[in-house]
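Student:
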Amino acid sequence: MENQNLLYDNLKVCDNGELIFAGVSTTALAKEFKTPLYVLDEELIRNRCKEYVNAVNQAFDGNASVLYASKALSFKKIYSIIQEEGLGIDVVSQGEIYTAKIAGFNMQNAYFHSNNKTDEDIEFALDNGVGFFVVDNEEELVAINEISNSRGVTTNVLLRITPGIDPHTYEEVATGKVDSKFGSAIETGQAEEIVKMAISLQNINLEGLHCHVGSQVFDGEVYKMASEVMLNFIALIKNKYNYTIKKLDLGGGFGVKYVSGDGDLDIQKSVSEVATFVKNKVLSLGIKMPHICFEPGRSIVADAGITLYTVGTVKRITGYKNYVSVDGGMTDNPRYALYKSKYTILPAYNMNKECDMLCSVVGRCCESGDILQEDVYMPSTIKRGDIIACLTTGAYNYAMSSNYNRLTKPAIVMIKDKKAEVVVERQSLEHLTMLDK
Ligand code: LLP
-3 MENQNLLYDN
7 LKVCDNGELI
17 FAGVSTTALA
27 KEFKTPLYVL
37 DEELIRNRCK
47 EYVNAVNQAF
57 DGNASVLYAS
67 KALSFKKIYS
77 IIQEEGLGID
87 VVSQGEIYTA
97 KIAGFNMQNA
107 YFHSNNKTDE
117 DIEFALDNGV
127 GFFVVDNEEE
137 LVAINEISNS
147 RGVTTNVLLR
157 ITPGIDPHTY
167 EEVATGKVDS
177 KFGSAIETGQ
187 AEEIVKMAIS
197 LQNINLEGLH
207 CHVGSQVFDG
217 EVYKMASEVM
227 LNFIALIKNK
237 YNYTIKKLDL
247 GGGFGVKYVS
257 GDGDLDIQKS
267 VSEVATFVKN
277 KVLSLGIKMP
287 HICFEPGRSI
297 VADAGITLYT
307 VGTVKRITGY
317 KNYVSVDGGM
327 TDNPRYALYK
337 SKYTILPAYN
347 MNKECDMLCS
357 VVGRCCESGD
367 ILQEDVYMPS
377 TIKRGDIIAC
387 LTTGAYNYAM
397 SSNYNRLTKP
407 AIVMIKDKKA
417 EVVVERQSLE
427 HLTMLDK
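Each residue of the sequence shown is one higher than the last, beginning at -3 in my numbering.
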């Protein structure tokens, strides 16, 4: 019977029971590169990019772009891949801007987000040729105008608008509701105020509007709801201020499969549903069709990544519970500790063994909340030295990793044509203490 837990086509089991990822033995990877280890499948990342680019081009007749939300996973090589596949990027900090820039990314195709850009951030983004600022609030807009004025430049701006929509996924990532810390809400009148201000400022070119409602969305419905609100608002701006909004960025948020019960995302179908809705709405409002942007992060990289760990202690507290401790934990994947996020964890060393022991897979930090996953079934014979794999860790794992307990961050290896290459080195103890005086 097909193993339900092999969530993606790039996962296989070979005759001796070892888990194969992107054509390479996971235990061999663990041996060569040590653990914990992030492993990425380059082909899958490229295929996801192609899927998005083709879907939006087809659905919006070439009048649309895909921007990779690089907060999901940011390191030099990813920006080269993204550029080669024809996507733009969403960046949120000097760190992401710097990494993209030194990777050779054309910064004209970068959109600078964040709800609190400091003056230094604004200067840095302008110094590095960032193409668009996605502006969160009036104070920021004024600061960008002043700094642009002092440089004698006009800056392209999209305004982040809060459409008042709840994606009903999980609270920590719901950002489109009126009381969100992000953007200016239509309902409170703040959105109209900031639009008026942007139109009036000398060194601001108001190019478009932006919204982002949340994450782990599996169909086009939420984007239709958001575009309905946003297009009505674009029509209001046209009618009241005779100003044409040229770009509408609908944000990111498409979902991925973490466990077998999760939904399946059909990118082409969802994007084309949204496009049909947008086109009809634009016609009925009698406005010009804006250039549409999507900003997927998670759905481009999450399922292209796994994390390999080596088992240490296996603790059986008779009558209570079992713990399998690994050599990583909340430092390389804080998502269970933060959101109780579900993950699929597999005995990569031998997938043919019966998984007959209920356990918690936990990390090595001095903190009882350092849990990778509860209620996992592992073989009762599991022992120190065995390799296990956590699936779907490409997004928001390395990106959110920390050095808590002075643990070093794992390396990232990327597999292409069945060959593994280190794309981010494992931190050393020297790296850890490099900044200490
Ligand atoms: N655009 C904007 C403005 C965003 O705020 C985000 C995510 C995205 C795009 C990309 O969303 P995605 O396609 O990746 O769902 N740390 C959390 C996720 C936070 C997402 C924040 N914004 C997690 O681990 O689930």
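We put the beta carbon where it would ideally sit given N, CA and C, even for glycine.
Residues in the same chain with beta-carbon distance under 8 angstroms from I77, minus the five sequence neighbours each way, listed in chain order, please.
Tutor: The residue given as residue 77 occupies position 81 in the sequence shown. The answer, listed in chain order, is E38, I41, R42, C45.
Student: Which parts of the region 313 to 396 are runs of the beta strand (DSSP E), unbroken and 3 residues or longer, counting only runs that do not cross its ends?
Tutor: If we require 3 residues or more, the beta strand (DSSP E) runs fully inside the region 313 to 396 come out as 317 to 322, 353 to 358, 367 to 374, 383 to 387.
Student: Which runs of the beta strand (DSSP E) at least 3 residues long sit entirely within the region 247 to 320? Give them in chain order.
Tutor: Runs of the beta strand (DSSP E) inside the region 247 to 320: 287 to 290, 301 to 313.
Student: Exposed or buried, which one is E426 when buried takes at least 16 other CB atoms within 10 Å?
Tutor: Taking the sequence shown and counting its residues from 1, one reaches residue 426 at position 430. Exposed.
Student: Grab me the residues of L428's own chain with a C-beta within less than 8 angstroms of its C-beta, minus the 5 sequence neighbours each way, in chain order.
Tutor: Position 432 of the sequence shown, counted from the first residue, corresponds to residue 428. For L428, where only same-chain residues beyond five positions count, the Cβ hits under 8 angstroms are N399, R402, T404.
Student: Below 8 angstroms on the Cβ atoms is my guess for L69 versus Y394; work out the distance and round it to an integer in Å.
Tutor: For the purposes of this step, residue 69 is identified with residue 73 of the sequence shown, where counting begins at 1. For the purposes of this step, residue 394 is identified with residue 398 of the sequence shown, where counting begins at 1. With 8 angstroms as the limit, L69 and Y394 qualify as a contact, their Cβ atoms being about 6 angstroms apart.
Student: Rounded to the nearest angstrom, what separates M193 and I233 at their Cα positions?
Tutor: Start at 1 with the first residue of the sequence shown, and residue 193 comes out as number 197. Start at 1 with the first residue of the sequence shown, and residue 233 comes out as number 237. The straight-line gap from Cα to Cα measures roughly 12 angstroms.
Student: Quick check: is any heavy atom of the ligand SAH less than 7 angstroms from the C-beta of S176?
Tutor: The model depicted lacks the ligand SAH and carries the ligand LLP instead.
Student: Tell me whether L205 sits in a helix, a strand or coil according to DSSP, three-state version.
Tutor: Within the sequence shown, numbered from 1, the residue matching residue 205 stands at position 209. In the structure shown, L205 sits in a strand (DSSP, three-state: E or B).
Student: Check Q244 in the structure and name its three-state DSSP category.
Tutor: Walking along the sequence shown from the start, residue 244 turns up at place 248. For the sequence presented, residue 244 should be read as Leu rather than Gln. Correct three-state label for L244: strand.
Student: Within 10 angstroms of the Cβ of D5, are there 16 or more other Cβ atoms? Answer buried if so, exposed if not.
Tutor: As a working note, residue 5 is residue 9 in the sequence shown. So D5 ends up on the exposed side.
Student: Quick check: the Cα distance between F214 and T272, rounded to an integer number of angstroms?
Tutor: Residue numbering aside, residue 214 sits at position 218 when the sequence shown is read from its first letter. Residue numbering aside, residue 272 sits at position 276 when the sequence shown is read from its first letter. For F214 and T272, the distance between alpha carbons rounds to 17 angstroms.
Student: Going by CA-CA distance only, name the one from L387, L431, S424 that's closest to A18.
Tutor: Here residue 18 corresponds to residue number 22 of the sequence shown, with the count starting at 1. Among L387, L431, S424, the Cα nearest to that of A18 is on L387.
Student: Compute every distance between the C-beta of K67 and the non-hydrogen atoms of the ligand LLP, then say whether any falls below 7 angstroms.
Tutor: By 1-based counting over the sequence shown, the position of residue 67 is 71. Yes, the Cβ of K67 comes within 7 angstroms of a heavy atom of the ligand LLP.
Student: Could you tell me if T314 is buried or exposed, where buried requires 16 or more neighbouring beta carbons within 10 angstroms of its beta carbon?
Tutor: Numbered from its first residue, the sequence shown carries residue 314 at position 318. Result: exposed.
Student: Is it buried or exposed, L304, if we count other Cβ atoms within 10 angstroms and call 16 or more buried?
Tutor: Residue mapping note: residue 304 aligns to position 308 of the sequence shown, counting from 1. It counts as buried.
Student: So, using beta-carbon positions, are A298 and V358 closer together than 8 angstroms?
Tutor: On the sequence shown, position 302 is the one that residue 298 refers to. On the sequence shown, position 362 is the one that residue 358 refers to. No, these two residues do not count as a Cβ contact at 8 angstroms.
Student: Residues in the same chain with beta-carbon distance under 6 angstroms from A385, minus the five sequence neighbours each way, listed in chain order, please.
Tutor: Counted from its first residue, the sequence shown places residue 385 at position 389. Excluding sequence neighbours, A385 sits near L15, T22, I302, L304, L342, A344.
Student: Grab me the residues of G365's own chain with a C-beta within less than 6 angstroms of its C-beta, minus the 5 sequence neighbours each way, in chain order.
Tutor: Here residue 365 refers to the residue found at position 369 of the sequence shown. Cβ within range, chain order: A333.
Student: From K317 to V218, what distance separates their C-alpha atoms?
Tutor: Indexing the sequence shown from 1 puts residue 317 at position 321. Indexing the sequence shown from 1 puts residue 218 at position 222. Going by the C-alpha atoms only, they are around 40 angstroms apart.
Student: List the endpoints of the continuous beta strand (DSSP E) containing I16.
Tutor: Indexing the sequence shown from 1 puts residue 16 at position 20. Here the beta strand (DSSP E) through I16 covers 15 to 17.
Student: With DSSP as the reference, label R42 as helix, strand or coil.
Tutor: Locating residue 42 in the sequence shown gives position 46, where the first residue counts as 1. R42: helix per DSSP, three-state reduction.
Student: Do V278 and A51 have their CB atoms nearer than 8 angstroms?
Tutor: Residue 278 sits at position 282 when you count from the first residue of the sequence shown. Residue 51 sits at position 55 when you count from the first residue of the sequence shown. Their beta carbons are not under 8 angstroms apart, which means V278 does not touch A51 by this criterion.
Student: Look at the alpha carbon of G282 and the alpha carbon of T327, and state the distance between them as a whole number of angstroms.
Tutor: Along the sequence shown, read from residue 1 onward, the residue named residue 282 stands at position 286. Along the sequence shown, read from residue 1 onward, the residue named residue 327 stands at position 331. Going by the C-alpha atoms only, they are around 52 angstroms apart.
Student: Under three-state DSSP, which class holds A99?
Tutor: Sequence index remark: in the sequence shown, residue 99 carries index 103 (1-based). Correct three-state label for A99: coil.
Student: Distance, Cα to Cα, K396 vs G293?
Tutor: Here residue 396 corresponds to residue number 400 of the sequence shown, with the count starting at 1. Here residue 293 corresponds to residue number 297 of the sequence shown, with the count starting at 1. This sequence places Met at residue 396; Lys is not what is there. When rounded, the distance between both Cα atoms is 14 angstroms.
Student: I need the DSSP call for D215, collapsed to helix, strand or coil.
Tutor: To locate residue 215, count along the sequence shown from 1; it is residue 219. Looking at D215 - three-state DSSP - the assignment turns out to be coil, as it is neither helix nor strand.
Student: Consider the C-beta atom of E466 and the heavy atoms of the ligand LLP; say whether any pair is separated by less than 7 angstroms.
Tutor: With the chain running from -3 to 433 in the structure shown, residue 466 is simply not present.
Student: If we count Cβ pairs, one from each stretch, closer than 8 angstroms, do we get three or more for the region 80 to 95 versus the region 115 to 128?
Tutor: Flag = yes, the region 80 to 95 and the region 115 to 128 touch.
Student: State the start and end residues of the unbroken beta strand (DSSP E) segment that holds E188.
Tutor: As a position in the sequence shown, residue 188 is number 192, starting the count at 1. Where E188 is concerned, there is no enclosing beta strand (DSSP E), although the alpha helix (DSSP H) it sits in stretches over 186 to 196.
Student: I'd like to confirm the pairing. Which residues does DSSP put opposite R156 in its beta bridges?
Tutor: On the sequence shown, residue 156 is found 160 positions in, with the first residue counted as 1. Answer by DSSP bridge pairing, in chain order: H206.
Student: So, with DSSP's three-state summary, where would you put V9?
Tutor: Against the sequence shown, residue 9 aligns to sequence position 13. In the structure shown, V9 sits in a strand (DSSP, three-state: E or B).
Student: Taking 6 angstroms as the limit between beta carbons, can you name the residues of its chain near K311, skipping five residues before and five after?
Tutor: Along the sequence shown, read from residue 1 onward, the residue named residue 311 stands at position 315. Once the five neighbours on either side are set aside, the close Cβ partners of K311 are Y319.
Student: In or out: Y34 buried (at least 16 other Cβ within 10 Å) or exposed?
Tutor: Along the sequence shown, read from residue 1 onward, the residue named residue 34 stands at position 38. Its Cβ being crowded by 16 or more others within 10 Å, Y34 is buried.
Student: Going by DSSP, what residue range makes up the beta strand (DSSP E) through A128?
Tutor: In the sequence shown, residue 128 corresponds to position 132, counting from 1. Checking the sequence shown, residue 128 turns out to be Phe, not Ala. Run containing F128: 128 to 131, per the beta strand (DSSP E) assignment.
Student: Starting from E134, trace the beta strand (DSSP E) both ways and give me its first and last residue.
Tutor: To locate residue 134, count along the sequence shown from 1; it is residue 138. E134 -> not in any beta strand (DSSP E); alpha helix (DSSP H) instead, spanning 134 to 147.
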